[in-house]
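**Student:** Here it is, the structure, as structure tokens.
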Amino acid sequence: MDGQGEYVIRRRGGYDCRHERYGYHDEKQSAHLTCGILRWMKQATIKDVAAKAGVSTATVSRVISAPDQVRVETRERVWQCIDALRYQPDASARALVSGRSRIVGTLIPTYDNASFARQTQSLQKTLAESGYQLLVTAHEHDPETELRQAQALQQRGVDALVLVGAVHSPSLWKFLRSWNKPSILTWTCDDRLPSIGIDNAGAASEVGDYLVSLGHRRIGVIAGMSRHNERAMDRVKGLRHALRRVGLTLPAERVTQQPFGFQGGMTGLRKLMSARHPPTAVFCGNDLLAAGAFFESARLGLRVPEDLSIVGFDDMELAGALHPGLTTVHVPVDELGHLAGQGILALLSGAPLPMRTMVHHSLVIRGSTGICAPAA
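What the sequence shown shows, in the numbering used here, is residues 1346 to 1721, in sequence order.
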């Protein structure tokens, strides 16, 4: 030990290493720690990974750049060694050789909607299994922001894009055509791009049929803002179509558009219930709107479902947590994300993809809906 409270450790080969004392009084312990630090600081190479996995460096390179070309068991063994050695492939060099960044971009309307978050998580997991990363941006239903974000993702060198919905600015559609890389739409189906969606209008029509079967004739809607959002528009259209089939109408005073969210549901219900002939049932554009309507109904002294039936859309976790439980349309958002990831991977490999893939929704009936009470 020198006079400054440091140990001087001599390793084999004459290499000197110093470190702060930190209370060590045993030179062997100190040497062991120092050598461990040096091993940790040494950056693993592709040769280290190949040696540990018992494969060639070319196989390691294929696992990273083209995993589909490697057997599953070999691929998993190589990735385990990559993780164990903390090997960091040179992304720029890999992209230069392969012509791909192995990064996919996705543009979602908002971070506030748990359904988009779950879809994104499922998408990311599916892509990661094939060695792709995901970049996520949210445009808050603003077409100009969405275009700028798409252009920024292009500049980042993404290999493909996943978008939500079919209502986009003409400039974005032009950009997608000129970019000429794989893109997929989700949540709705459209013939301009391969799309994986649900039947929003059909789901809302089923809600209408169900409420009518319970005896409801005055049905209101708290819709999300429909500008730049065809999903919100289709849900109103679907309910209107169901009512029309049995000779009922959906007048303008029974439809209110609100920002998707809890506060929007509260505001929307206040507006609907202030009418001369308020609805006996309310269909909400998503579960957050429905939750807001739930709480506002209690503030107004209305019992759910005795005085007012409420239906949501999405089947988020809170739907089952409310009391009574929320009747809602179940959207398989995990499946949406997974299929979108599989679709992108298929397009990147040159495989064909159907223009329309529809995932199945279902109406989940819980305690928030009941038979319409007779008029007083």
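C-beta: ideal position from N, C-alpha, C; glycine also.
All values reported here derive from a predicted model rather than from experimental measurement.
CA-CA distance, F1605 and G1502?
**Tutor:** Translated into the one-based positions of the sequence shown, residue 1605 becomes position 260. Translated into the one-based positions of the sequence shown, residue 1502 becomes position 157. Rounded to the nearest angstrom, the two C-alpha atoms are 32 Å apart.
**Student:** Leaving out five residues before and five after M1578 in sequence, what residues of the same chain have Cβ atoms less than 7 Å from its Cβ?
**Tutor:** Along the sequence shown, one-based indexing puts residue 1578 at 233. The residues are S1571.
**Student:** On the CB-based measure, 16 or more other CB atoms within 10 Å of its CB, does M1611 come out buried or exposed?
**Tutor:** The residue given as residue 1611 occupies position 266 in the sequence shown. Under this definition M1611 is a buried residue.
**Student:** Locate the alpha helix (DSSP H) running through Q1466, then write down its first and last residues.
**Tutor:** By 1-based counting over the sequence shown, the position of residue 1466 is 121. 1459–1473 is the extent of the alpha helix (DSSP H) around Q1466.
**Student:** Over the uninterrupted beta strand (DSSP E) stretch that includes T1451, give me the two end residues.
**Tutor:** Locating residue 1451 in the sequence shown gives position 106, where the first residue counts as 1. Counted as a single uninterrupted DSSP element, the beta strand (DSSP E) harbouring T1451 occupies residues 1448–1453.
**Student:** Thinking C-beta only, is A1587 closer than 8 Å to D1557?
**Tutor:** Numbered from its first residue, the sequence shown carries residue 1557 at position 212. Numbered from its first residue, the sequence shown carries residue 1587 at position 242. Reading the sequence as shown, one finds Val at residue 1557 and not Asp. Their beta carbons are under 8 Å apart, which means V1557 touches A1587 by this criterion.
**Student:** Hey, quick one: how far does the alpha helix (DSSP H) through T1324 stretch, first residue to last?
**Tutor:** In the structure displayed, the chain extends from 1346 to 1721; residue 1324 sits before or after that span and is not available.
**Student:** Are the CB atoms of V1417 and V1400 within a distance shorter than 8 Å?
**Tutor:** Your numbering for residue 1400 matches position 55 in the sequence shown. Your numbering for residue 1417 matches position 72 in the sequence shown. Going by C-beta atoms, V1400 is not nearer than 8 Å to V1417.
**Student:** Which residue from L1517, D1504, Q1469 puts its Cα closest to that of E1489?
**Tutor:** By 1-based counting over the sequence shown, the position of residue 1489 is 144. Ranking the options by Cα distance to E1489, first place goes to L1517.
**Student:** Can you name, in chain order, every residue of its own chain whose Cβ lies under 6 Å from the Cβ of V1415, other than the five neighbours on each side?
**Tutor:** Here the question's residue 1415 lines up with position 70 in the sequence shown. Hits under 6 Å: R1407, V1408.
**Student:** Please classify M1703: does DSSP put it in a helix, a strand, or coil?
**Tutor:** In the sequence shown, counting from the first residue as 1, residue 1703 sits at position 358. Correct three-state label for M1703: strand.
**Student:** Bridge partners for F1658 per DSSP, in chain order?
**Tutor:** To locate residue 1658, count along the sequence shown from 1; it is residue 313. V1674, per the DSSP bridge assignment.
**Student:** T1533 and G1542: beta carbons closer than 8 Å?
**Tutor:** Position 188 of the sequence shown, counting from 1, holds the residue named residue 1533. Position 197 of the sequence shown, counting from 1, holds the residue named residue 1542. In contact: T1533 and G1542 (Cβ atoms closer than 8 Å).
**Student:** Are T1451 and L1479 closer than 8 Å when you measure CB to CB?
**Tutor:** Start at 1 with the first residue of the sequence shown, and residue 1451 comes out as number 106. Start at 1 with the first residue of the sequence shown, and residue 1479 comes out as number 134. Yes, these two residues count as a Cβ contact at 8 Å.
**Student:** Which same chain residues, not among the five before or five after P1624, have their C-beta less than 7 Å away from its C-beta?
**Tutor:** Residue numbering aside, residue 1624 sits at position 279 when the sequence shown is read from its first letter. Apart from the 5 residues on each side of it in sequence, P1624 sits with its Cβ closer than 7 Å to the Cβ of R1563, I1564, G1565, R1599, L1617 in its chain, given in chain order.
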